[in-house]
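In the working numbering, the protein residues as written are 1 to 92. Below: one structure, written as structure tokens.
Here you go:
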């Protein structure tokens, strides 16, 4: 008996939006392609400053955040997110 592949079936008619934040371009490409295939709408940022700019200007349901990045690391991004009333509830 063959196992059937399943796809992400969200209860919402719109795909969940997530932000992939990583300074490594291969990680960004791999994660954004994989999550898109699963039915998510993926955006990317290559550092913490870009991530915060996107988070303030676009709605996201989830953030996949690298810890070690130049300019602003993942811990600093998380600290800024938790201090902002609109961003603090987004899962990271």
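Note that beta-carbon positions come from the ideal geometry of N, C-alpha and C, so glycine has one too.
What number of angstroms, rounded off, separates the C-alpha of residue i from the C-alpha of residue j?
i, j, result
"residue 82", "residue 37", "30 Å"
"residue 77", "residue 40", "22 Å"
"residue 86", "residue 43", "19 Å"
"residue 79", "residue 16", "23 Å"
"residue 23", "residue 34", "17 Å"
"residue 75", "residue 30", "22 Å"
"residue 70", "residue 55", "18 Å"
"residue 59", "residue 51", "12 Å"
"residue 65", "residue 57", "17 Å"
"residue 46", "residue 19", "10 Å"
"residue 53", "residue 84", "13 Å"
"residue 92", "residue 61", "9 Å"
"residue 21", "residue 88", "17 Å"
Could you please give me the residues that DSSP links to residue i through a beta bridge?
i, result
"residue 41", "17"
"residue 62", "18"
Under 8 Å by Cβ, that's how I've got residue i and residue j pegged, so tell me the actual separation to the nearest angstrom.
i, j, result
"residue 63", "residue 90", "6 Å"
"residue 26", "residue 48", "Wrong, their Cβ atoms sit about 19 Å apart, outside the cutoff."
Residue i: buried (16+ other C-beta within 10 angstroms of its C-beta) or exposed?
i, result
"residue 32", "buried"
"residue 28", "buried"
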